[in-house]
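Numbering (this note's numbering), first residue to last: 53 to 167. In this text, a Cβ means the ideal position worked out from N, Cα and C, and glycines have one as well. Bear in mind the structure is a predicted one, so any value in this text is a computation, not a measurement. The next block holds one structure in the form of structure tokens; read it before the comments.
This is how it looks when you write it as structure tokens:
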């Protein structure tokens, strides 16, 4: 069974940084495109960033220049480095493979940006 476990969230002040981690199991991680998504309170889950098998990346316009996605295939882990955090980044953050047959999602990790 495919499993994603996210971690690294927390409470941070505006302008601060966090690094999220997501460890996957039940699949051949190195052969999967991986993505980060977030779901603000009262809103739908939205795309944040994606990293391809070859390491190429793309991030949403709302986080461009502030968030960086990376992966470590030896650890079956994808990361999201978040810098210069803003209040609008407050959300539950999730990772998944792309595409995501079976619609597997982890429990997410909460990021709260507040002074």
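Let's test the definition: count the other Cβ atoms within 10 Å of the Cβ of residue i and tell me whether it reaches 16, buried, or not, exposed.
i: residue 140; result: exposed
i: residue 160; result: buried
i: residue 72; result: buried
i: residue 132; result: buried
i: residue 126; result: exposed
i: residue 78; result: exposed
First and last residue of the beta strand (DSSP E) that includes residue i?
i: residue 53; result: Note, residue 53: premise wrong, no beta strand (DSSP E); not H, not E.
Just to confirm before moving on: does the CB-CB distance between residue i and residue j stay below 8 Å?
i: residue 142; j: residue 165; result: yes
i: residue 136; j: residue 118; result: yes
i: residue 69; j: residue 134; result: yes
i: residue 147; j: residue 158; result: yes
On the DSSP bridge list, what partners appear for residue i?
i: residue 62; result: 163
i: residue 148; result: 87
Only counting runs of 3 or more residues, tell me where the beta strand (DSSP E) segments fall wholly within the region 71-143, in order along the chain.
85-91, 98-103, 109-111, 119-124 and 129-134
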